[in-house]
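Notes for the one structure printed next.
Protein chains: 2
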Amino acid sequence: MDMPTRTTDEVILGRLNTALGFLVRLAQIKVYEHFFEECGERGLKPGEFSVLWVILHNPGIRQSVLGQRLMIKRAHMTKLIRSLEDQNLVSRRIPDDDRRAVEITLTPAARTMVEQAGDWFFAYEDSVGSNLTTAERQQLMVLLQKFTGLD
Amino acid sequence: MDMPTRTTDEVILGRLNTALGFLVRLAQIKVYEHFFEECGERGLKPGEFSVLWVILHNPGIRQSVLGQRLMIKRAHMTKLIRSLEDQNLVSRRIPDDDRRAVEITLTPAARTMVEQAGDWFFAYEDSVGSNLTTAERQQLMVLLQKFTGLD
DNA sequence: TGGAGATTGTTTCTTTGTAAACAAATTTTG
DNA sequence: CAAAATTTGTTTACAAAGAAACAATCTCCA
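Protein chains in written order, with UniProt numbering: chain A, 1 to 151; chain B, 1 to 151.
So this is what it looks like as structure tokens:
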């Protein structure tokens, strides 16, 4: 009998389910979808939060450095920063010693906001991978740190 | 001295570098960039390949099932399939027993092409995470399978 | 010193993917 | 059975992200 595949778990993936790149992509989508179920309408997306968080902990950081660390391309970073500036969350300053660069700082209002947002963001992050044991989560974290070169 | 952050590895990430969601996003970008360095102008992107690969191994699979398994949204799947159809790689058939559904099959030409593409695709996939040991790669694979619910 | 090349950020255009409204077919249920 | 609800795929409008071309500034070296 050669019935066409009708249900998700019948699907034959072959070697695909051993491919790291494929698995990482699936994981990323899952995290993202899970985020919007949980944090739904908080108004602050994961990308935005990570940018603000890093600026909080590195006041005066340059756009280029921020982009390199978070792996956000220049063109996109420009848009992100402008959007944050429009929301009055960050301010830009051209340093005297290099007038091409832009140094980013949080506004005072944003500082308290981001600290607060950190609470629920990391609470959410703790719920990521809740189908793994604590030990597995720890293991996965370490492996991903090494994989991404963050160790 | 409170110098603004100037180089990537000076950047303070705080709790962020222990956040699974953040790490997974970084990993995904890294895989994707690495892919285009390696496989540059092969004309077949990771997403397209995975779709074709799954159709190859599940001939007559329905669009909805394909989308669920690869976590591709309906609206997007429609465009992907149409693009593949325009390239004469897949054909669509409305089954008699459910005239809303669409069953997808590879064209004969695509079958050999995808089998061939599999060779370099999985060769590339083997090079993903080359900064990890073989054991670590295996571990990461198993953890991601569990994480994504593919086990 | 001054010009070639690199760096930094912006702009414009394109690609990729999502959301919401819709139409058609099917299933459920009163 | 017939109306209501669900499923499946498409369309349209939009958001997120990258690529390439560009302008301004800085660096390096002949």
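Beta carbons: idealized from backbone N, C-alpha and C, even for Gly.
Here A:PHE35 is buried. Its C-beta has 16 or more other C-beta atoms within 10 Å. Counting other Cβ atoms within 10 Å of its Cβ, A:SER130 stays below 16 and is therefore classed as exposed. For B:SER91, there is no enclosing alpha helix (DSSP H); the residue is part of the beta strand (DSSP E) that begins and ends at 90–93. With respect to B:SER83, A:LEU16 sits apart: the two C-beta atoms are not nearer than 8 Å.
Interface flag for B:GLU48 against chain A is unset, since no Cβ pair is found closer than 8 Å. Under a 10 Å Cβ-count criterion, A:ALA27 is classified as buried, with 16 or more other Cβ atoms of the shown protein chains found around its own Cβ.
Three or more Cβ pairs closer than 8 Å define a contact, and the region 140–147 of chain B meets that threshold against the region 17–25 of chain A. Proximity of chain B to A:TRP120 at the Cβ level (cut-off 8 Å) is not reached, the minimal Cβ distance being about 13 Å. Pairing B:VAL31 with A:ASN58 gives a Cβ-Cβ distance that is not under 8 Å. Counting the other CB atoms within 10 Å of its CB gives A:GLY67 a total of 16 or more, which places it among the buried residues. B:THR105 is bridged by DSSP to B:SER91.
In the structure shown, B:ILE29 falls within a helical segment according to DSSP collapsed to helix, strand and coil.
For A:ILE61, the nearest CB of chain B lies under 8 Å from its own CB, placing it at the interface with that chain. Nearest CB-CB separation between B:THR78 and chain A: not below the 8 Å threshold. Per DSSP, reduced to three states, the secondary structure at A:ARG15 is helical. Distance from the Cα of B:THR5 is smallest, within the candidate group A:GLN63, A:GLY118 and A:GLU115, for A:GLN63.
At a C-beta separation below 9 Å, A:LEU84 has no neighbours in chain B, since its nearest C-beta there lies roughly 17 Å away. A contact between stretches requires three or more CB pairs, one per stretch, nearer than 8 Å, and the region 88–99 of chain B fails this requirement with the region 123–141 of chain B. For A:ALA110, the CB contacts under 7 Å within the same chain, skipping 5 residues up- and downstream, are LEU52, LEU89 and VAL90 in chain order. B:VAL54 is a Cβ neighbour of A:LEU13, given a cutoff of 8 Å. If you draw a straight line from the Cα of A:PHE122 to the Cα of A:MET113, it comes to about 14 Å.
Counting the other CB atoms within 10 Å of its CB gives B:ALA19 a total of 16 or more, which places it among the buried residues. Straight-line measurement puts the Cα of B:MET141 at about 21 Å from the Cα of A:GLU33.
Between A:ILE104 and A:ILE72, the C-beta spacing is not below 8 Å. Contact of A:LYS45 with chain B is not assigned, every C-beta pair being separated by 8 Å or more.
Residue-level contact check: A:ALA117 does not touch chain B, since none of the beta carbons of chain B fall below 8 Å from its beta carbon.
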